[in-house]
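Converting from the sequence shown to the working numbering requires adding 203 to each position, the first position being numbered 1. Even for Gly, the Cβ is constructed at its ideal location relative to N, Cα and C.
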Amino acid sequence: MLQLDDVHANYGSVKALRGISMKVERHSVVSLLGANGAGKSTVLKTISGLLHPRSGSISFEGERTDRLKPDRIVSRGIVMVPEARQVFPELTVYENLRLGSYSRRDRSEVVKDYDDVFDLFPILKTKTKDFAGTLSGGQQQMLAIGRGLMARPKLLLLDEPSLGLAPILVQEIFSIIRTISKRGTTILLVEQNANMALDVSDYAYVLETGEISAEGTAAEMKRNDEVRRSYLGG
Numbered sequence: 204m205l206q207l208d209d210v211h212a213n214y215g216s217v218k219a220l221r222g223i224s225m226k227v228e229r230h231s232v233v234s235l236l237g238a239n240g241a242g243k244s245t246v247l248k249t250i251s252g253l254l255h256p257r258s259g260s261i262s263f264e265g266e267r268t269d270r271l272k273p274d275r276i277v278s279r280g281i282v283m284v285p286e287a288r289q290v291f292p293e294l295t296v297y298e299n300l301r302l303g304s305y306s307r308r309d310r311s312e313v314v315k316d317y318d319d320v321f322d323l324f325p326i327l328k329t330k331t332k333d334f335a336g337t338l339s340g341g342q343q344q345m346l347a348i349g350r351g352l353m354a355r356p357k358l359l360l361l362d363e364p365s366l367g368l369a370p371i372l373v374q375e376i377f378s379i380i381r382t383i384s385k386r387g388t389t390i391l392l393v394e395q396n397a398n399m400a401l402d403v404s405d406y407a408y409v410l411e412t413g414e415i416s417a418e419g420t421a422a423e424m425k426r427n428d429e430v431r432r433s434y435l436g437g
């Protein structure tokens, strides 16, 4: 579904990605693991068009996307839920969700998708008229994911969905990620909590200083001694 081939990307003169090659199969959950600064979020930004690769290629459903603008990439079906939620605090919950569907033309189906989001996140249904800035951190994360789902993504990019959340909310967010996957949405997940990420994933890549240092199924990563020492606490 998604294929990256020898992707290099820079922030100015700083090399952020150094020859990344990876793929995401349809209907799978794939995780990117690694320490802060390893390049995980940069991979998502490059896929979503916020950063253009210096070289290499990115293909989605067999077509090149690495030179498209972000809005065109969204229209192809790739949607990112950014790190730190980044909801619009002075807009209501309903308005934030509505913005998620801005690129769609099937307006009659949008109403149905509000119901699907509220089915996943019942608390949001009780707060449709509340300003997003008044929500708790966990509720804002739910809103950010719900806003992404309103675009009906084929591929959902999740950047650190558990960041800053209490453990009980982390469990809830990952339960919802499982549900989203079971409903047929492919997911590429960046997550510091490697244990939780591997529990919901089919496959994983480990990034170190902009390069892939290990890859394998979630089960293989859990057995990998280096991954266990560095990211799984054992």
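Cut-off 8 Å between Cβ atoms - residues of its own chain near residue i, not counting five sequence neighbours on either side
| i | result |
| --- | --- |
| Leu368 | Gly340, Gly341, Gln344 and Ile376 |
| Ala417 | Tyr408, Val409, Met424, Asn427, Glu429 and Val430 |
| Val373 | Ser365, Asn396 and Met399 |
Residues of its chain near residue i, where Cβ-Cβ distance is below 6 Å and the 5 sequence neighbours each way are ignored
| i | result |
| --- | --- |
| Val403 | Val232, Phe377, Ile380 and Arg381 |
| Glu384 | The amino acid occupying residue 384 in the given sequence is Ser; Glu does not appear at that position. Here the set comprises Val232 and Ile390. |
| Lys243 | Leu235, Gly237, Val393 and Leu410 |
| Met353 | Leu300, Gly303, Ser304 and Asp316 |
| Ser278 | Ser306 |
According to DSSP, residues forming a beta bridge with residue i
| i | result |
| --- | --- |
| Phe321 | Paired residue(s): none; Phe321 is not in a bridge. |
| Asp208 | Ser260 |
| Ser234 | Leu392 and Ala407 |
| Asn213 | Lys218 |
| Glu266 | Phe263 |
| Val284 | Leu361 |
| Phe334 | Thr295 |
7 Å CB neighbourhood of residue i in its chain, flanking five on each side removed
| i | result |
| --- | --- |
| Lys272 | Gly252 |
| Asn223 | Residue 223 is actually Ile in this sequence, not Asn. Same-chain partners within the cutoff: Leu207, Val210, Val246 and Ile415. |
| Ala212 | Ala219, Leu220, Thr245, Thr249, Leu254, Pro256 and Arg257 |
| Ser190 | In the structure as shown, the chain starts at 204 and stops at 437, and residue 190 therefore has no counterpart that could be examined. |
| Phe324 | Met345 and Gly349 |
| Tyr434 | Leu236 and Ala397 |
Segment limits, alpha helix (DSSP H) that includes residue i
| i | result |
| --- | --- |
| Ser278 | Pro273 to Arg279 |
| Ser244 | Lys243 to Ile250 |
| Leu300 | Val296 to Gly303 |
| Ser433 | Asp428 to Tyr434 |
N-terminal and C-terminal residue of the beta strand (DSSP E) that residue i is part of
| i | result |
| --- | --- |
| Val221 | Here residue 221 is Arg; the residue named in the question, Val, does not match the sequence. Val217 to Val227 is the span of the beta strand (DSSP E), which, as asked, contains Arg221. |
8 Å Cβ cutoff, residue i in contact with chain C
| i | result |
| --- | --- |
| Asn396 | No chain C is part of this structure, which consists of one protein chain only. |
Runs of beta strand (DSSP E) wholly within the region 346-423 (minimum 3 residues, chain order): 358-362, 389-393, 406-411 and 414-420
Segment contact, 8 Å Cβ cut-off, at least three pairs: the region 382-399 with the region 352-360: yes
At least three beta-carbon pairs within less than 8 Å, the region 289-306 to the region 322-335: Taking one beta carbon from each stretch, the region 289-306 and the region 322-335 have 3 or more pairs nearer than 8 Å; the two touch.
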